[in-house]
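So the structure is just underneath, and the comments pick up after that.
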Amino acid sequence: MRIPFCTFFCFLFLFASEICADEILSPSGTIKSPDSKDFFQHSAISDKFNETWSYQLVFDNGTKAFINYATLYVPGSGRKIGCDLSFSNFKGKNPSVGRQYPPERLKENKSLSKISIKDEYFMEGLPGKGHRVYFTANKGGKFFVDISFESALESKVKGNGIWTINGEKYAQYIHIPYGRITGKIAYNGDTITVKGYGYMEHTWQTVQATDLAIRSFNFSTAAANISYAGRIGITPNGEPWGHIVCTKKDKITLLTPKTISDNGTIYSGKEFPKGRVQIHWIESQAPLSFDVSKPQQKFSLLNNFDGWFAKQATKLMMGGEIFFYRGRSTDSDNNIIDWSFTGL
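Per the working numbering, residue 10 is the first one in the sequence shown, and the count goes up by one each step.
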């Protein structure tokens, strides 16, 4: 029996589509508030296991601070603790710093709800009102951040927060979707007392982040009455995943992306978006859209590594040079959104 060419072609197309399809399983279980088990360090369950606690701090004076504390595997060096800070618009400058330490430098004091690294970097108090983040470093300049949350919106997580992406694990905890913050920041001895708002997230994964997502982005809104906060990843095949915590009139909803477009065209994630990003949700919720055409800061992760070998090892680990495009814009309802896109 002869098979018509068009039928044969369609069969091959469908077969290839099945082969390339991503298997994405969302967390299972009931929706609950994150707890202390979610906040503290998790057991490394794979050779490339890595875990990151991240802060996006947006101050009323126009300065932003981005802090990451991480446990990670570095090719040729083994397991390390990473600490990095980048300022955006610190009196017109964008300084950054990164440090690495042996894993035994990270200490947990669960009675004080504190995670510290050399006592030069720490997170103190369970995420929520009163939580504190502290960072100090003297490398390529003197850096200092000491910020406390005066308030914090309640967050939610589904079950244990663990996604399965093509057989690998990814956990996502949005500890603080939005909270008012106060404290001090400094660069080279120039100290500023600041107020603003902050967002805190926490992730871990069994492989490098770039193995799971060709592009990811996090965003948070600058007001408590209508708040979107979280991170979305996009697989190399263009499939979105992740959770966003949405708070409207004290009602909290976990949103899951269904499709993402850039200027009306389906966004594959293979390049940084160039226009207005629109996210449609699986849940019955209006789409969210905001313009990303004018980043305020373009930042390379390699800025925080010294020497050729360290930079090459990092590029090998991540599959290339990782860039962050960061900015601020408004959604269709004129709510201010601070966003950061990450990828090769």
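C-beta atoms are modelled at their ideal positions from N, C-alpha and C, and glycine is treated no differently.
Can I174 and W290 be called in contact, C-beta distance under 8 Å? no
Exposed or buried, which one is K303 when buried takes at least 16 other CB atoms within 10 Å? exposed
Just to confirm, are P186 and A231 a CB contact at a threshold of 8 Å? no
I54 bridges to which residues according to DSSP? Looking at the DSSP assignment, I54 forms no beta bridge with any residue, so it has no partner.
Among residues of its own chain, excluding the 5 on either side of F144, which ones have a beta-carbon nearer than 6 Å to its beta-carbon? I76, L94, Y130 and V154
Quick check: what's the CA-CA separation for K102 versus G336? 15 Å
For the candidate residues N343, A218 and K257, whose alpha-carbon lies nearest to that of R240? A218
With a threshold of 8 Å between beta carbons, is G352 in contact with chain D? Absent here is chain D; the protein component of the structure consists of one chain.
If you draw a straight line from the alpha carbon of S105 to that of D347, how long is it in whole angstroms? 19 Å
Could you give the distance in angstroms between the alpha-carbon of K178 and the alpha-carbon of D56? 13 Å
Take the Cβ of D342 as the centre, count every other Cβ of all protein chains shown within 10 Å, and call the residue buried at 16 or more, exposed below. exposed
DSSP on K303, reduced to helix/strand/coil? coil
For L115 and I345, the rounded distance between their alpha carbons: 36 Å
Taking 8 Å as the cut-off, decide whether the C-beta atoms of I223 and K279 are in contact. yes
L297 versus G139, F152 and C255, residue with shortest Cα-Cα distance: C255
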